[in-house]
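Accompanying notes for the structure given below.
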Amino acid sequence: MEVSGLGALRQYQAAQKALTPELTPDGAPELTLTKGEVGNGGAANFAKGVEEFADVFKNVENTMQAHATGQANAHSVVQAIANAELALETAVTVRNRVVEAYQELLRMPV
Numbered sequence: 128m129e130v131s132g133l134g135a136l137r138q139y140q141a142a143q144k145a146l147t148p149e150l151t152p153d154g155a156p157e158l159t160l161t162k163g164e165v166g167n168g169g170a171a172n173f174a175k176g177v178e179e180f181a182d183v184f185k186n187v188e189n190t191m192q193a194h195a196t197g198q199a200n201a202h203s204v205v206q207a208i209a210n211a212e213l214a215l216e217t218a219v220t221v222r223n224r225v226v227e228a229y230q231e232l233l234r235m236p237v
């Protein structure tokens, strides 16, 4: 799992693409998945992002436990916490974009 600044940027860009689907000629969003199917589209990217997000925090827990038992140094703990902070900031940014998009939809006249 890539958790560098560049990795966070790639995850953010993938989430942004998932939030802005390409439109078909008649203006309707293009739907490529059927019920129960997971492909390479937005749903798969979202699921992968959620799994990676959870893995970052599991890594922090494991690193802190290893540090408590003397198996890891303080530097690795600080690194794991910094990675978790970056992942959390990215998740909050994506959440804010989703909320903004939803609010924009609510403002549209019917």
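Residues 128 to 237 in the numbering used here are what the sequence shown spells out, letter by letter. Think of the CB as a built atom: it goes at the ideal place given N, C-alpha and C, for glycine as much as any other residue.
Where residue i sits in the DSSP three-state scheme
{"i": "Gly117", "result": "Absent from the structure is residue 117, since the part of the chain shown begins at 128 and ends at 237."}
{"i": "Gly169", "result": "helix"}
{"i": "Thr237", "result": "Checking the displayed sequence, the identity of residue 237 turns out to be Val instead of Thr. Val237: coil per DSSP, three-state reduction."}
{"i": "Thr196", "result": "coil"}
Same chain, Cβ closer than 7 Å to residue i, neighbours up to 5 away in sequence not counted
{"i": "Val183", "result": "Val130, Asn210, Ala211 and Ala214"}
{"i": "Met191", "result": "Val204"}
{"i": "Ala207", "result": "Asn186, Val187 and Thr190"}
First and last residue of the uninterrupted alpha helix (DSSP H) at residue i
{"i": "Thr217", "result": "Ala201 to Arg234"}
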